[in-house]
Amino acid sequence: MKRIIIHWTGGIWKPNEHERECYHYLIDATGKKHEGIFKPEDNENCYDGKYAQHIGGGNTGSIGVALCGMFRYNNRFDIGIYPLTKIQCEAAFKLISELCKKYDIKITPETVLTHYEFGKSHPKTSSYGKPDITFLPPYSYLEADEIGNFIRNKVKWYLNN
Ligand SMILES: [Zn+2]
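So, in C-alpha cells, the structure goes:
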C-alpha cells in the first residue's frame with residue numbers, strides 16, 4: 222500500500238452498507254472503528270472491480286479512512302447536523318498512525334493526505350473539488366489548506382507516543 226487517503230462520508234454519524242463498500246475503515250462519532258467490506262489489499266489491483274472505490278483517479282494502492290458525518294455540509298458557516306466530533310477525529314488520527322506503521326507508509330503530503338488535497342494535486346480526476354476534508358468542526362480555527370498538515374502532525378504525534 223502506498224498511501225492513506227482521509228475522507229468524511231458526507232453521511233450521518235455511523236456507517237451504512239454503501240459507505241462500508243467505499244472505505245476500508247470508518248470511524249463513527251463515538252470514535253469506534255468499523256471495518257469496510259474490502260481490505261486495504263483489495264486496492265492493490267483495481268482491475269477486478271473488487272476494491273473500495275473511495276478516490277477517483279487514485280484508488281490503486283490507496284487505503285481509505287473515513288470519518289462518519291458531515292451530511293449536508295455546505296461550507297464552514299453551514300456545516301449540517303452531523304459535525305465530526307473531537308473523539309472521532311482523534312480516533313481516526315490514531316488509526317492512521319497504526320496503518321502507517323503496519324504498511325510502512327511515511328507521513329508526507331504525498332502519502333498521508335485528504336481527498337481534498339489529492340483533488341488539488343490531480344485536477345483532471347473526479348477527486349477535484351471534493352470538500353473532504355476542508356473543515357474540522359473540533360478545530361474550526363483551521364483554514365482548508367492547513368488541515369492536511371494538521372492531520373499529519375497529529376498522526377506523527379500518535380506514532381511517537
Ligand atoms: Zn472523499
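Heads up, the sequence shown is in this note's numbering, so the first residue is 222 and it goes up one at a time. All C-beta atoms, glycine included, are put in the ideal place defined by N, C-alpha and C.
In this structure, ILE233 and CYS310 do not form a Cβ contact; the two beta carbons are roughly 17 Å apart against a cut-off of 8 Å. Here DSSP, grouped into helix, strand and coil, assigns ALA313 to helix.
The region 344-352 makes no contact with the region 240-257; the number of CB pairs closer than 8 Å stays below 3.
Taking 7 Å as the cut-off, one finds no heavy atom of ligand 1 near enough to the beta carbon of ASP263. Between ILE372 and PHE314, the gap from beta carbon to beta carbon is short of 8 Å. Counted as a single uninterrupted DSSP element, the alpha helix (DSSP H) harbouring ARG241 occupies residues 238-243.
Of the candidates GLU238, ALA250, LYS223 and PRO330, ALA250 places its Cα closest to the Cα of PRO359.
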